[in-house]
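Sequential numbering from 4 applies to the sequence shown in my numbering.
For reference, the structure discussed in these notes is given below.
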Amino acid sequence: EEVEVTSILKNILDNYPAGSATLREILQNTDDAGAQTQTFILDTRSFDSNALVDPVLGVCQGPAIIATNDAYFQPKDWIAIRRIHNSSKTQDETSTGKYGLGFRSCYHITDNPHVLSHDKLLILDPHQRVEDYPGGFELLTSRPPEKTRTDRDFYAGHFAPFAAILKPEDSVYQGTAIRLPLRLPGSDSKIKSTGTSIETARQMFRDFM
Numbered sequence: 004e005e006v007e008v009t010s011i012l013k014n015i016l017d018n019y020p021a022g023s024a025t026l027r028e029i030l031q032n033t034d035d036a037g038a039q040t041q042t043f044i045l046d047t048r049s050f051d052s053n054a055l056v057d058p059v060l061g062v063c064q065g066p067a068i069i070a071t072n073d074a075y076f077q078p079k080d081w082i083a084i085r086r087i088h089n090s091s092k093t094q095d096e097t098s099t100g101k102y103g104l105g106f107r108s109c110y111h112i113t114d115n116p117h118v119l120s121h122d123k124l125l126i127l128d129p130h131q132r133v134e135d136y137p138g139g140f141e142l143l144t145s146r147p148p149e150k151t152r153t154d155r156d157f158y159a160g161h162f163a164p165f166a167a168i169l170k171p172e173d174s175v176y177q178g179t180a181i182r183l184p185l186r187l188p189g190s191d192s193k194i195k196s197t198g199t200s201i202e203t204a205r206q207m208f209r210d211f212m
């Protein structure tokens, strides 16, 4: 038997409202993590599509919503974010959100969520467009002892959109940043057929405030 991840995500979105509710879900996840600050950024810039793991991810190099906080992802969080029908927070009475499921509301906005925390960048790919890494992959900001160059050097295109928060001299990011590249109009997404324009994102911010 096989499971089509995109179909599961599409069904999950039916239970999570779109718009500013996605930002509230992210804020709840930040509270779960015990962070003290939350910042939302609407980055309307576009970045070079060179030096990517696969050219197909060039669609992620345009405008995006970035959410940052000052807490690191913990090992259980990296596990939860990969398990669609699971939440590491459900048994924790001090948590207000369901990280595993609540995070999926991000798919109202994007097909490829990016998560940067400490020395790791995770890029999710539920459509499995990157043939070599079905479902997504991780890149490291720091250099392992056995290597002369970092993933950050080889695949600079994936890190360029984080340049405003991850400085060249920083080997790790002091917190967590979730980047949601806006889904382009006319995309062939199996998760959601409608794109997310810059103006739609701006309205999300206004409604959230």
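Glycine included, every Cβ here is placed at the ideal spot set by N, Cα and C.
For clarity, every value in this text was computed on a predicted model and none was experimentally measured.
| Asked | Found |
| --- | --- |
| Could you tell me the distance, in whole angstroms, from the CA atom of PRO66 to the CA atom of ALA180? | 15 Å |
| With distances taken Cα to Cα, identify the nearest neighbour of ILE112 among PRO147, GLU7, ASP80 and ILE201. | ILE201 |
| Report the residue from ASN32, ASN53 and GLN64 whose alpha carbon sits nearest the alpha carbon of THR47. | GLN64 |
| Could you tell me the alpha carbon to alpha carbon distance between ALA204 and ASN32, rounded to whole angstroms? | 20 Å |
| Cα separation between ASN18 and ARG107? | 10 Å |
| In this structure, how does DSSP classify LYS195 when only helix, strand and coil are distinguished? | coil |
| Return yes when the Cβ of THR144 is within less than 7 Å of the Cβ of ARG132, no when it is not. | no |
| On a CA-only basis, which of ARG186, GLN206, ASP210 and LYS193 is nearest GLY61? Give me that one, please. | ARG186 |
| Which complete beta strand (DSSP E) runs does the region 21-94 hold, if anything under 3 residues is left out? | 41-46 and 67-72 |
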